[in-house]
Amino acid sequence: MSKRGKVWLAAAGIVEYESKYLVVMKKYGGLKGKWSFPAGFVDPGETVDEAAVREVYEETGIVAETIGIAGIRSGVINNDISDNLVVFHMKRTGGTEITETAEIATCAFLTKEELLADPRTSSMIPSFLNGMDQFMTEMNPGNQFQYTTYKLMYHTPK
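Under the working numbering, the residues of the sequence shown are numbered 876 to 1033, in order.
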């Protein structure tokens, strides 16, 4: 069993700046070659919002702060591992873009229209950018992830 055990917790950041969204293209895993929001696992001794801030900085060089919760992605891998991601709305406060790291092939600020038109955009991005007005969506993000259950839950202001 991995050091994370069978319940995983990660954080992602939706950083909007000048009507564009910060996205990364990872070099590995199921998101290799796909635009996705900066994200990663919560480290011991760290809160989920702190993890989002850290991951955005580590993957992109952009300094940002959390300003709200966009939603949660919760799935089960192979009927065994609970994989959970808290997605935050974030505000850029500084930093300069990094073009490449050990994990990231590239990062960029792209418009909603660019992301929705690009076939390399991960399946989760359109759901969050289109401002879902429902609470939950079930979907299959791709067989490469081996999810047996996959749900997106959105913040729905009253």
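In this text, a Cβ means the ideal position worked out from N, Cα and C, and glycines have one as well.
Computed from a predicted model, the values in this text were never measured in an experiment.
Using only alpha-carbon positions, find the residue among Leu990, Lys966, Ser894, Cys982 that is nearest to Ile973. Nearest C-alpha to Ile973: Cys982.
Whether Ala945 touches Val931 by CB criterion (8 Å): No.
Considering Cα atoms alone, identify which of Ser998, Asp918, Asn1005 is closest to Lys1026. Selected option, being the one with the closest Cα: Ser998.
How many whole angstroms separate the CB atoms of Ile979 and Trp910, which I take to be in contact at a CB cut-off of 8 Å? Not really, about 11 Å apart at Cβ, beyond 8 Å.
Beta-carbon proximity check, Lys902 vs Glu940, cutoff 8 Å: Cβ distance not < 8 Å, so Lys902 and Glu940 don't count as in contact.
Straight-line gap, Thr968 to Asn1005 (C-alpha atoms, nearest Å): C-alpha separation (whole angstroms): 24 Å.
So, for Lys881: in the same chain, excluding its five sequence neighbours on each side, which residues have a beta-carbon less than 6 Å away from its beta-carbon? The beta carbon of Lys881 lies closer than 6 Å to those of Ile956 in the same chain, with the five residues before and after it left out.
Note down the Cα distance separating Met876 from Leu990, rounded to an integer number of angstroms. Note on Met876: pLDDT 46, under 50, position unreliable in the model; the coordinate value appears next. Met876 and Leu990 have their alpha carbons spaced roughly 36 Å apart.
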